[in-house]
Amino acid sequence: MDPVLDIQRLSIRYAGAPAPAVRDVSFTLGRERLGIVGESGSGKSTVGRAIMRLLDTAEITADRMQFEEVDLLNAPERKMLDVRGKRMSMILQDPKFSLNPIQRCGHQIAEAYRTHVRCSKSEARARAIAMLEQVHIRDPERVYDLYPHEVSGGMGQRVMIAMMLLTDPDLVIADEPTSALDVTVRLQVLRILDGLVRDKGIGLIMISHDLNLVRAFCDRVLIMYAGRVVEALDARDLDNAQHPYSRGLLAAQPRIGGTREPLPVLARQDSWLEPLEAQA
Amino acid sequence: MKPIIIDRLSISFGPIRVLHDVSFDVTAGECFGLVGESGSGKSTILRCASMLTDIWDGTVRIGEHDVRKMPVAERCRTVQMVFQDPYGSLHPRHSIRTALDEGLRINGFDDREARLAQAMRDVGLPVEFLDRYPHQLSGGQRQRVAIARALILEPDVLFLDEPTSALDVSVQAEVLNLLVRLQQEKGFTYLMVSHDLAVVDHMCDRFAIMQHGRIVEVLDRDAITGGGATQPYAKQLIDASLEYERAI
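So the sequences go chain by chain: A and B. In terms of this note's numbering, the first sequence is numbered consecutively and its last residue is 286. In terms of this note's numbering, the second sequence is numbered consecutively and its last residue is 368.
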């Protein structure tokens, strides 16, 4: 099967920054779920934004950066306007900030659809309501007319998911989709997203700082440290992670029913800046 | 070591009642957790008990004294608070020395230089960092400064408002270890707000589950894994956390 996304040796340097924020990141994505994990500042969101071509002032170099037939390195912005939001879309962290506060939720969903598909307003409305139903919103007609401040965080994030999946994209980048949500609704939102992504055969990139979340909802995991991928492995093999950084991250997480011993702390080493193969 | 006794604490913001007759006790030297969804009033309890907000009804006693009747200086030397976001809680244009020294100066402490150095050592930061500014420190280091600022006045009680939720897991581990060690060394009473039951389980002896400004249930730490919750919402919250952790 052809990969949806093929990235080879991607490096990104922000304008004015002395060193690149992301170095030599390579991966391919099929119709699968890929997790990118790392601490804040490790460059995981930057990778997501570069794929969406949202970093217009940063210097982006790569051997190859291909989304289906689109060459993301050289595609003109006109082409990107057509691709972005229609064939690849992005779910952001906090619905409080990523939804427009002065437009009704449903209107925003319909607008996203009408930007990419020629149709009447009533058809867009019908589609938006059907999509709201798919993200398990019980009374979609009512929620359609609510403003973002009138819905809860979990519902806002489902509105966001509905908006992003309505155009049937091939690639969805979810940047910390549930970190702003309470634990009682987190799983529900993740399961809805997971179900839709599987049913529709979408390629998903899940960016998260939470190794455990990625283990449950992804097929493969990239672990990033200081702008590099230090380890790439199948999610089910996460317990056997080899890299000391990956192991350190797993161990540092407090567990319910844990021993209450002092938590193991990462002892950072400069050698982690090299990829694993190079050290061997 | 001083206990905290909160009795029928209520507060309204305009027409909205945010806390409804909240009562609980924290024994001296204990770490007590407050858990609940966002908007359930956890942080408001800390803000009331530390008199950052003073329009509430009810009584809060720390040790022998009613917080309302304590003189400001005495209150500040008894209770200190560590806030959620170390990026927001340190003045960006004050050096660490200024931030830590201010409390010492106001409260007329002697031997300030030695106390500054000791506070830095207590939280595991090099003493040279006193002359840095917050933007020259990482998130974890900043949170250590915020903790140093709280403990430099030698309080008996620390209020911790989601002290690690803005930090990465790797850094969270360091800060949690620090808080545990300080409690053992100095016998603090902690009142800690968190939305993460795993953190509460790691740190606290007992915790209260809150919903809509009311305490649903006060539980021992063992109740999380032992299924000791009796109220429906408490069960729901614990089950959701356990499920999240097992799913995962």
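Every residue, glycine too, gets a C-beta built ideally from N, C-alpha and C.
The Cβ of VAL157 of chain A sits no closer than 8 angstroms to any Cβ of chain B.
Taking 8 angstroms as the CB threshold, VAL277 of chain B stays off the interface with chain A.
The criterion of a C-beta distance shorter than 8 angstroms is satisfied by LEU78 of chain A and ILE57 of chain A.
Here PRO283 of chain B is buried, its C-beta having at least 16 other C-beta atoms within 10 Å. At least one CB atom of chain A sits nearer than 8 angstroms to the CB of VAL300 of chain B.
For MET201 of chain B, DSSP records a beta bridge to B:PHE279.
Under the 8 angstroms Cβ criterion, the region 212-226 of chain B counts as touching the region 260-278 of chain B, having at least three qualifying pairs. Not a single C-beta of chain A is nearer than 8 angstroms to the C-beta of GLN351 of chain B. Distance between VAL202 of chain B and TYR310 of chain B, taken at the CA atoms: about 11 angstroms. Under DSSP, VAL142 of chain B forms a beta bridge with B:LEU129. For VAL199 of chain B, the closest of B:HIS315, B:ILE226 and B:ARG167 by C-alpha to C-alpha distance is B:ARG167. Cβ proximity to chain B below 8 angstroms picks out ASP188, VAL189, THR190, ARG192 and LEU193 from the region 171-204 of chain A. If you draw a straight line from the Cα of PRO270 of chain A to the Cα of GLN259 of chain A, it comes to about 9 angstroms. For MET230 of chain A, DSSP records a beta bridge to A:VAL235. Boundaries of the alpha helix (DSSP H) harbouring SER361 of chain B: 352-366, taken from the DSSP string. Residues LEU339, ASP340 and ASP342 of the same chain have their beta carbon placed closer than 8 angstroms to that of GLY348 of chain B, with the five preceding and five following residues left out of the count.
Note that the region 158-173 of chain B touches the region 126-145 of chain B; at least 3 beta-carbon pairs, one per stretch, sit closer than 8 angstroms.
The closest CA to that of ILE175 of chain B, considering only B:ASP141, B:PHE133, B:GLU305 and B:ARG195, is found on B:PHE133. With a threshold of 16 other beta carbon atoms within 10 Å, ALA234 of chain B falls short and is exposed.
At a cut-off of 8 angstroms between C-beta atoms, TYR310 of chain B does not count as an interface residue with respect to chain A. Annotated as proximal: MET71 of chain A and ILE13 of chain A, with beta-carbon spacing under 8 angstroms. For ARG204 of chain A, the enclosing alpha helix (DSSP H) stretches over residues 189-206. Among the CB atoms of chain B, one or more fall inside 8 angstroms of the CB of PRO268 of chain A. Here ALA23 of chain A is exposed: its Cβ has fewer than 16 other Cβ atoms, across all protein chains shown, within 10 Å.
A distance below 6 angstroms between beta-carbons, with the five flanking residues on each side excluded, links ARG334 of chain B to the following residues of its chain, in chain order: HIS140. The alpha-carbon separation between GLN356 of chain B and THR190 of chain A amounts to approximately 8 angstroms. A contact between stretches requires three or more CB pairs, one per stretch, nearer than 8 angstroms, and the region 109-119 of chain A meets this requirement with the region 143-160 of chain A. Within a 10 Å sphere around the beta-carbon of ASN218 of chain A sit 16 or more other beta-carbons, which makes this residue buried.
Near chain B, meaning a CB-to-CB distance below 7 angstroms, the residues of the region 42-64 of chain A are GLU45 and SER46.
Taking 8 angstroms as the threshold, the shortest C-beta distance from GLN200 of chain B to chain A does not fall below it.
For GLY178 of chain B, the CB contacts under 7 angstroms within the same chain, skipping 5 residues up- and downstream, are ASP127, ARG128, LEU129 and SER130 in chain order. Per the coordinates, the alpha-carbon of ASP251 of chain B lies some 28 angstroms from the alpha-carbon of ASP276 of chain B. Residues of chain A whose Cβ lies closer than 9 angstroms to the Cβ of ILE344 of chain B are, in chain order, ILE262 and GLY263. Contact of HIS140 of chain B with chain A is not assigned, every C-beta pair being separated by 8 angstroms or more.
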